[in-house]
Amino acid sequence: MSQQIAEKAVLQDPYDPVGLPDYDREFITPEELHTFEKALNVPEAFVAINDWRPINQRVRKTRGRRKNPKRSRDETREGVLYTLLKWPLLAFVLAWIAVLSCGYVLVRVYIVLYEQWVSWRGKRQQLRRALWDQKDYPSWLSAAKALDAYLGNDKWKETDEYAYYDHLTITKVLGQLKRARYETERELNSGTRAEEVPAIEEIRALLEACVKNNFAGVENPRLYSEAYSGTKDLVQEYIDEVHTCIQLVRDCREIDKEVKYQHFKHLDTNFGRTALCLSGGATFAYYHFGVVKALLDEGALPEIVTGTSGGSLIAGLVATRSDEELKQLLVPALAHRIRACSEGLTTWVPRWYRTGARFDTLDWARQCSWFCRGSTTFREAYERTGRILNVSCVPSDPHSPTILANYLTCPDCVIWSAVLASAAVPGILNPVVLMVKRDGKLQPFSFGHKWKDGSLRTDIPIRALNLHFNVNFTIVSQVNPHVNLFFFSSRGTVGRPVTHRKGRGWRGGFLGTAIEQYIKLDLNKWLRVLRHLELLPRPLGQDWSEIWLQKFSGTVTIWPKSIPSDFFYLLSDPSPERLARMINAGKQSTFPKIQFIKNRLKIENAIMRGLQQYSSTGGRSLSPILSRRMQAPELEPADALSQRLDASFPERHEDGDSRYVDDSMSHSTGSSRPQTPTRRGSLMEEIRRQSAVFFDDPDIYRDEDAVVT
């Protein structure tokens, strides 16, 4: 059946909406919309825009001039000097920021011209154009290897030494792993009992020592930034060998299952998880479709997905659909279902005058529900697809912490309400009430308090992902237009090395890079001055400083290449042709990162398959994601026989990290997912185990810019 669905996805016209799954289906019922409307319109005495100030759903005309709320004295420590210097200082800082911004633009233009005239000429330019003309990853990889061969990057791969990782340690560990594996296979093939094979103990010790996040620097992005395809041959060989040894342990028949479970749990805790983070960015967020499609086609789509603002809509679509459904949906015809901005000026201008928002909340709820399969909750999405969806929401109350909505923090929350809240930019969409589903009926969540755009504080919730799911490797698809201009990798980025001096130099030369870095750091300094001195006004009652001062990147950051016309269509629905271009641009920007991501997931998935296979031992229950994977076919055959492992492992890491001490590591990423839903036995027990996460690093809680979730 799945094969027929896949064939249908290939054969359908990518511009024909009839081929989209559930194209004409309305998932949400009028009763659910009515319940949501009632929650939005609860009298002011019961529902507030925050804990301190009631909300006016409609803007009411008042006599005289409407005064903006002033900051209190205890907030600003107002005095004579503050009153005298506030506005002059604000004017000076803003003027200097404007000067720095103009200077930064000029520097970036100089760097682009430098690269174009000095580097991209002749044969190199032809190979580069051929690289960007490819539509699928295998063709792109072939073109990237041709460009590497021309630039001499193959010689760099063959040389083990490199300043950004410990090649001596990797060489030593690789040799020990190979010797131990060959000796183990030889002795087991000769009929030696597992209890008598000393080489197996060496393999066990080596795996526990080297299967860790960024061991000896092998996951340093610099290792993938010196060539267009791949990394050092030594690094690739090491990753393949570790993967083979993990498979040997997993397929062992002589070793006790409980011992295997403890071993893989330890490896999973040390290695961590991978998450895909989709940023906000209004209609720029549609570039995420191409990013997801490229990862999905290559089997490199993580099962932990987070989205903020516009990115939450794409994340909701990904988390509620199976792989086969996504392959049919991620086509240009999907533009026919994106109708959120279909209204004209004569409709939204009067609405904005009446309500203070351009878009109608109920209409957006109906449109959004199709992408989230109606009133599907975070728990139901997790049970249906095995993907862990996370959505960042900011409370209207400026004092309360943000929430990362997922199947642990609010399992019964309806996804479309969280997506609306995460996209509720002040002036664009009014704050909304999160809804939960209990006994099949919707009702307000968290006392009916209202929530708004997650990008205002936590566009990329890295800390919360680490806290809840042990995520330490993030793939960030960043499309925010106000951030895109300031992204600059002076020494190249993953799959895109520096264009001159065989990738070993600085973009625009050392002087160009130095000026760019200085201006950008100075801009950041003055923006922080504005925030810490409370100089900025608060239009629409919102502190906007965090939209510039957050961390917008991850371990791997994907920056889809936008065009100037995207700003003209910032709040417009895409046509099928424009969506096709955005999908292709998203794929093109993802291709250089795929090898890095694949290498990471190769080990992570091998660990997870071993954990899932033996996590039911000793009376432990499987989570839905693990129980479904047990039914999935093996992606790669095992390479060897069996080994024996030690029966006990300490609960703490060697470095003192005790983030995960639970009995079941069940939020994992993996590449094979069954399509039949499986419900858990005990949700509360699962939440209790999964939430047993602690940090030993006190600096995490001292950072004044950290977001508490």
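For the sequence shown, the working numbering begins at 196 and goes up steadily by one. Cβ coordinates follow ideal geometry from the N, Cα and C atoms, glycine included.
LYS632, enclosing beta strand (DSSP E) - first and last residue: 630 to 633
Using the Cα positions of SER853 and ILE710, report the straight-line distance between them to the nearest angstrom. Caution applies to SER853, whose pLDDT of 38 falls short of 50 and renders its modelled position unreliable; the model cannot decide the point.
With a Cβ-Cβ cutoff of 8 Å, do VAL444 and CYS405 count as a contact? Against a cut-off of 8 Å, the Cβ pair of CYS405 and VAL444 comes out as no contact.
Identity of the residue in LEU584, TRP611 and SER617 nearest TYR602 by Cα: Comparing Cα-Cα distances from TYR602 to each of LEU584, TRP611 and SER617, the minimum goes to LEU584.
Taking Cβ positions, are ILE753 and VAL486 nearer each other than 8 Å? yes
Same chain, Cβ closer than 6 Å to SER612, neighbours up to 5 away in sequence not counted: Answer for SER612: LEU629 and MET630, listed in chain order.
Please name the residue in GLY703, ASN665 and ARG702 whose C-alpha comes closest to that of ASN408. With distances taken between Cα atoms, ASN408 lies closest to ASN665.
Could you tell me the alpha carbon to alpha carbon distance between LEU235 and ILE655, rounded to whole angstroms? 28 Å
Test item: CB-CB of ALA480 and PRO497 under 8 Å: no
For PHE573, tell me which candidate among LEU651, THR501 and GLY370 has the shortest Cα-Cα distance. THR501
Within the continuous beta strand (DSSP E) that includes SER760, where are the two ends? Here SER760 belongs to no beta strand (DSSP E); instead the alpha helix (DSSP H) covers 760 to 763.
Enclosing beta strand (DSSP E) for CYS588 [first to last residue]: 583 to 590
State the DSSP-derived secondary structure class of GLY798, mapped to helix, strand or coil. Reading off the sequence, residue 798 comes out as Ile, not Gly. Helix at ILE798.
Going by the beta-carbon positions, is the gap between ARG686 and GLU310 smaller than 8 Å? no
Could you check where the beta strand (DSSP E) with ALA470 kicks off and where it finishes? Run containing ALA470: 468 to 473, per the beta strand (DSSP E) assignment.
Between the C-alpha atoms of VAL213 and ALA293, what's the straight-line distance to the nearest angstrom? 50 Å
Given a threshold of 16 other Cβ atoms within 10 Å of its Cβ, counted over all protein chains shown, does TYR456 qualify as buried or as exposed? buried
I need the straight-line Cα distance from SER504 to ASP355, nearest angstrom please. 43 Å
Name the two residues that bound the continuous alpha helix (DSSP H) containing LYS233. Here the alpha helix (DSSP H) through LYS233 covers 225 to 235.
Using 8 Å for Cβ pairs, my map puts ALA619 next to ASN625. What's the rounded Cβ distance? Going by Cβ atoms, the distance from ALA619 to ASN625 rounds to 7 Å, so yes, they are a contact pair.
Suppose contacts are defined by Cβ-Cβ distances below 8 Å. Is SER385 in contact with VAL674 by that definition? Taking 8 Å as the Cβ cut-off, SER385 and VAL674 do not qualify as a contacting pair.
Just the Cα atoms here: how many angstroms apart are PHE410 and LYS350? 24 Å
Where CYS608 sits in the DSSP three-state scheme: In this structure, CYS608 counts as strand in the three-state DSSP scheme.
Can you give the beta carbon distance from THR571 to PRO769, rounded, assuming they're within the 8 Å contact cut? THR571 to PRO769, Cβ: 24 Å. No contact.
On the CB-based measure, 16 or more other CB atoms within 10 Å of its CB, does VAL169 come out buried or exposed? No answer is possible for residue 169: the residues shown for the chain start at 196 and end at 904.
Which class does VAL674 belong to by DSSP, given the choice of helix, strand or coil? coil
Given that a residue counts as buried once 16 or more other Cβ atoms are within 10 Å of its Cβ, and exposed if not, what is PRO692? Classification for PRO692: buried.
Own chain, CB closer than 7 Å to LEU342, minus 5 neighbours either side, in chain order: The beta carbon of LEU342 is closer than 7 Å to those of LEU322, ARG323, LEU326 and TYR423 in its chain, skipping five residues each way along the sequence.
The stretch 635 to 649 contacting the stretch 536 to 555, beta-carbon criterion three pairs below 8 Å: Output reads no: the stretch 536 to 555 does not touch the stretch 635 to 649.
Who are the near neighbours of PHE844 in its chain, counting only those whose CB is closer than 7 Å to its CB and skipping five residues on each side? Low confidence applies here, because PHE844 scores a pLDDT of 31, under 50, leaving its location unreliable; read the following figure in that light. The answer, listed in chain order, is GLN457, HIS458 and HIS461.
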